[in-house]
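My numbering puts the first residue of the sequence shown at 386, with every later residue one more than the last.
Glycine included, each C-beta is placed from N, C-alpha and C at the ideal position.
These figures come from a predicted structure and were not determined experimentally.
Since the structure comes first, as structure tokens, the remarks are kept for the end.
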Amino acid sequence: MSELSAVDTEILIVGGGITGIHMLYRAKKAGFAVRLLEAGTGVGGTWFWNRYPGARLDSESYTYGYFFDKELREKWEWSEQFAAQPELERYLNHAVDRFQLRDDITFSCRVIGAVFDDDENLWTVSTDTGLTLRTRFLVTATGILSVPYIPDLPGREDYRGEQYHTGDWPSESPDFRGKRVAVFGAGSSGVQIVPEIARDAATLTVYQRTANWVTPLNNQSISPEGWREIMTDFDGLHRTCQSTYGGFRHADATQATFDHSEQERRDHYERMWNAPGFMKLFSNYADLMVSQEANDAFCAFLSEKIRALVDDPATAEKLIPKDHGFGMKRPPMGAGYFEAFNLPHVSLVDLRETPVVKLTESGIETTDGEREFDIVVWATGFDAVTGALTRMGIQGSDGTTLKDFWEDGPRTYLGLQSPGFPNLFIVGGPHSTFGNIPRSTETHVDFVADLLEYVAERGINRVEPEPDAEEAWTAHAYEAAAPVLTASTSWYVGSNIPGKARRFLVYAGGVHNYREKVEQVAANGYEGFRLTEHAEVVTG
Ligand code: NA7
Numbered sequence: 386m387s388e389l390s391a392v393d394t395e396i397l398i399v400g401g402g403i404t405g406i407h408m409l410y411r412a413k414k415a416g417f418a419v420r421l422l423e424a425g426t427g428v429g430g431t432w433f434w435n436r437y438p439g440a441r442l443d444s445e446s447y448t449y450g451y452f453f454d455k456e457l458r459e460k461w462e463w464s465e466q467f468a469a470q471p472e473l474e475r476y477l478n479h480a481v482d483r484f485q486l487r488d489d490i491t492f493s494c495r496v497i498g499a500v501f502d503d504d505e506n507l508w509t510v511s512t513d514t515g516l517t518l519r520t521r522f523l524v525t526a527t528g529i530l531s532v533p534y535i536p537d538l539p540g541r542e543d544y545r546g547e548q549y550h551t552g553d554w555p556s557e558s559p560d561f562r563g564k565r566v567a568v569f570g571a572g573s574s575g576v577q578i579v580p581e582i583a584r585d586a587a588t589l590t591v592y593q594r595t596a597n598w599v600t601p602l603n604n605q606s607i608s609p610e611g612w613r614e615i616m617t618d619f620d621g622l623h624r625t626c627q628s629t630y631g632g633f634r635h636a637d638a639t640q641a642t643f644d645h646s647e648q649e650r651r652d653h654y655e656r657m658w659n660a661p662g663f664m665k666l667f668s669n670y671a672d673l674m675v676s677q678e679a680n681d682a683f684c685a686f687l688s689e690k691i692r693a694l695v696d697d698p699a700t701a702e703k704l705i706p707k708d709h710g711f712g713m714k715r716p717p718m719g720a721g722y723f724e725a726f727n728l729p730h731v732s733l734v735d736l737r738e739t740p741v742v743k744l745t746e747s748g749i750e751t752t753d754g755e756r757e758f759d760i761v762v763w764a765t766g767f768d769a770v771t772g773a774l775t776r777m778g779i780q781g782s783d784g785t786t787l788k789d790f791w792e793d794g795p796r797t798y799l800g801l802q803s804p805g806f807p808n809l810f811i812v813g814g815p816h817s818t819f820g821n822i823p824r825s826t827e828t829h830v831d832f833v834a835d836l837l838e839y840v841a842e843r844g845i846n847r848v849e850p851e852p853d854a855e856e857a858w859t860a861h862a863y864e865a866a867a868p869v870l871t872a873s874t875s876w877y878v879g880s881n882i883p884g885k886a887r888r889f890l891v892y893a894g895g896v897h898n899y900r901e902k903v904e905q906v907a908a909n910g911y912e913g914f915r916l917t918e919h920a921e922v923v924t925g
């Protein structure tokens, strides 16, 4: 690769999660001078910070892990269909060591500013350690769920007990034994942590604002025979994941809800209830997410299940969502969530009936009175998708910040670049497909790594999207979301963060279609990107 003067590194990657590590591997293999900056003390990203009890995948482990290296695939034997956080963290550390990437990572180093030099076509990146680096290309792999959000409830600073956010969990996990614990939030994190805390705590009170359609994850350990079967055709498994809407191994549904008789439908729903992970969303009926009537039919079935699982009918009714259908928010999957409410020391506070008045020194006061707690757990989500990027102090070629540029919602070409921010690539950010995240971000990593090799071979030192291409892709991203049934409150649309623009943040066109699209863009000489050698435009 070319020698560049006044540059500390050719490629600087921000974020050492599953995507950043993959990007580092590809960049290093291509021979670039590359460095990765990571805020944590270890690798893992989401799987480093979310180390709360019960944190677990709901994508099948072997379809979530890397496919790019045959030996890595075959030598790492996953113990469960849906691995728990510690196994994921071990796996990512294993990958880093196997490919000798650790020395290329600077840990405990958070990016706080990135300013583009329009004359030199370089980024100057500053960090909270005082380290400043000049780089030709800046690649962010900061994750879509990496900025924890704690609601600004009155009196939070008065509360004297312990408090933790699931997305920023201490390495020394708190001891819940004999403690009075409150949990806020009933998303995936709340649903995973509640049964774990219920096991140990003296009392557990769940503060629920919105009930969620929680379905069983149906996890299992993987037997040696099961593993041999998975190993027989890893390439086929990879192809399957890349050819489905959500990047999973589960076939996309083809039948419509009301093509089946009532009995057939019941049997099908029962199969879905007992199916692993996201099969119950993607292999359900094809009209589940576009027809309200179809969605209502599945929700009626799920409501019956909740009523059967929860002993107290009044509690069961509170746990049944009334304001959105299945899949319209990210559906949590768990084990023993509803059952936890049958335990005598576990109770539910419905914040719609009795809202929080304030936190006090010793607990939480709602309109129903005060309860005292030793520990409060915030499972209250993240400033999702754009949060990490708009906080990074990114300033483009004319001084505009990315935060301002995206004030009314993200604007991107292919989710990868925004005009005015040359040489900045976002891998796994807004307008990126969702579902089985690594299957979505591997497309980004492959595309960006290929593009960087392409430009390096041609002496091109500036890559940015054509404004028309950005406009068309942004419009397309919003159009693709239009037919999909979505809850009005969800991180999908940014509504969980006060003041955030309400825009559909991810790309609803499907992992398979997205991959086809970017392959076509590359085959057409990276159409939509303006590639510049010094001051002169050479292609685009
Ligand atoms: P989520 O899915 O964003 O869930 C956050 C939860 O916190 C949700 O139930 C919220 O209720 C609740 N919340 C937020 N603010 C409040 C206040 N002020 N009071 C009470 N409850 C509140 O985050 P998770 O960490 O569970 O999951 C994030 C992703 O990780 C998940 O989608 C998977 O991809 C993995 P609301 O529904 O907004 O009323």
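With a threshold of 16 other CB atoms inside 10 Å of the CB of I403, please say whether the residue is buried or exposed.
Looking at its Cβ environment, which holds 16 or more other Cβ atoms inside 10 Å, I403 is buried.
Taking its Cβ as the centre, do 16 or more other Cβ atoms sit within 10 Å of A764, making it buried, or is it exposed?
Its Cβ being crowded by 16 or more others within 10 Å, A764 is buried.
Cβ-based burial, N909 [other Cβ within 10 Å; buried from 16]:
Answer is exposed; the Cβ neighbour count stays below 16.
Mark E462 as exposed unless 16 or more other C-beta atoms lie within 10 angstroms of its C-beta, in which case mark it buried.
Burial is judged here by how many other beta carbons sit within 10 angstroms of a residue's own beta carbon; E462 has fewer than 16 and is exposed.
Could you check if V399 is buried or exposed, using at least 16 other CB atoms within 10 Å of its CB as the buried criterion?
Buried, since its Cβ has 16 or more Cβ neighbours within 10 Å.
Less than 7 Å between the CB of G814 and some heavy atom of the ligand NA7, yes or no?
Because no heavy atom of the ligand NA7 lies under 7 Å away, the Cβ of G814 does not count as near it: no.
Name the DSSP beta bridge partners of T375, please?
Since the first residue of the chain shown is 386 and the last is 925, residue 375 is not available in this structure.
Given the structure, does S825 come close to the ligand MN, in the sense that its CB is under 7 Å from one of the ligand's heavy atoms?
The ligand MN is not among the ligands present in this structure, which contains only the ligand NA7.
Quick check on L809: does DSSP put it in helix, strand or coil?
L809: strand per DSSP, three-state reduction.
For T512, which residues of its own chain have a beta-carbon under 7 Å away from its beta-carbon, when the five flanking residues on both sides are left out?
Same-chain partners within the cutoff: L422, C494, R495, V496 and I497.
Drop a sphere of 10 angstroms on the beta-carbon of P539, count the other beta-carbons inside from all chains shown, and report buried for 16 or more, exposed for fewer.
When all chains shown are included, P539 counts as exposed.
Per DSSP, T525 is paired with what?
Paired residue(s): V399 and I811.
Reference R634; option with closest CA among K665, D644 and E655:
Of the listed residues, the one whose Cα sits closest to R634 is K665.
Look up K788 in the DSSP assignment and say whether it is helix, strand or coil.
K788 falls in the helix class under three-state DSSP.
Could you name the residues of the same chain whose beta carbon sits closer than 6 Å to that of T491, not counting the 5 residues immediately before and after it, in chain order?
These residues qualify, in order along the chain: L422.
Tell me the rounded alpha-carbon separation between T924 and E912.
Since pLDDT at T924 reaches only 40, below the 50 mark, its modelled position is unreliable, and the value read off the structure follows with that caveat. Here the C-alpha atom of T924 lies approximately 8 Å from the C-alpha atom of E912.
Endpoints, the beta strand (DSSP E) within which Y549 is located:
DSSP places Y549 inside the beta strand (DSSP E), whose first and last residues are E547 to H550.
Is there at least one non-hydrogen atom of the ligand NA7 closer than 7 Å to the beta-carbon of S574?
At least one heavy atom of the ligand NA7 is nearer than 7 Å to the Cβ of S574, so yes.
Residues bridged to A908 (per DSSP)
For A908, DSSP assigns no beta-bridge partner whatsoever.
Name the DSSP bridge partner or partners of W763?
Checking the DSSP bridge columns, you'll see W763 partnered with H550 and F569.
Is it the case that the stretch 834-848 contacts the stretch 422-438, given that we only count it when at least three CB pairs across the two stretches are under 8 Å?
Too few Cβ pairs lie closer than 8 Å, so no.
Return the chain-ordered ranges of every alpha helix (DSSP H) run that is complete within the stretch 405-456 and spans a minimum of 4 residues.
Every alpha helix (DSSP H) of 4 residues or more that sits fully in the stretch 405-456 is shown, in chain order, as 431-434 and 446-449.
Out of curiosity, what's the CA-to-CA distance linking V734 and E647?
Near 36 Å, if we compare the C-alpha coordinates of E647 and V734.
Any beta strand (DSSP E) of 3 or more consecutive residues that is wholly inside the stretch 560-646
Entirely contained in the stretch 560-646, the beta strand (DSSP E) runs reaching 3 residues are, in chain order, 565-569 and 588-593.
Provide the residue(s) that pair with M713 in DSSP beta bridges, ordered along the chain.
In the DSSP output, where bridge partners are listed per residue, M713 has none listed.
Less than 8 Å between the beta carbons of A679 and L687, yes or no?
No; because the gap between Cβ atoms is not below 8 Å, this pair is not in contact.
Just confirm the distance between the C-beta atoms of T527 and A773, as a whole number of angstroms; I'd bet it's less than 8 Å.
At roughly 4 Å, the Cβ-Cβ gap stays under 8 Å, so T527 and A773 are in contact.
When you compare the CB positions of P438 and E581, do they come within less than 8 Å of one another, or not?
In contact: P438 and E581 (Cβ atoms closer than 8 Å).
Quick one: what's D502 bridged to in DSSP?
Bridge partners of D502: L507.
Based on DSSP bridge pairs, tell me the residues matched to T739.
DSSP, once it has assigned bridges, lists no residue as partnering T739.
Should W876 be listed as close to the ligand NA7, given that the test is whether its C-beta is under 7 Å from any heavy atom?
Indeed, a heavy atom of the ligand NA7 lies less than 7 Å from the Cβ.
From the DSSP output, which residues share a beta bridge with A469?
Paired residues: R441.
Using a C-beta cutoff of 8 Å, does T797 count as contacting chain C?
Here there is only one protein chain, and chain C is not present.
Neighbourhood of A725 by C-beta, 6 Å cutoff - its chain only, sequence neighbours within 5 removed:
Only V579, P580, A583 and V731 meet the Cβ criterion.
Could you check where the alpha helix (DSSP H) with T859 kicks off and where it finishes?
Counting along the chain, the alpha helix (DSSP H) containing T859 begins and ends at P852 to A866.
Relative to the C-alpha of H623, which candidate in F453, E689, N881 and A693 has its C-alpha closest?
Out of F453, E689, N881 and A693, F453 has the C-alpha closest to the C-alpha of H623.
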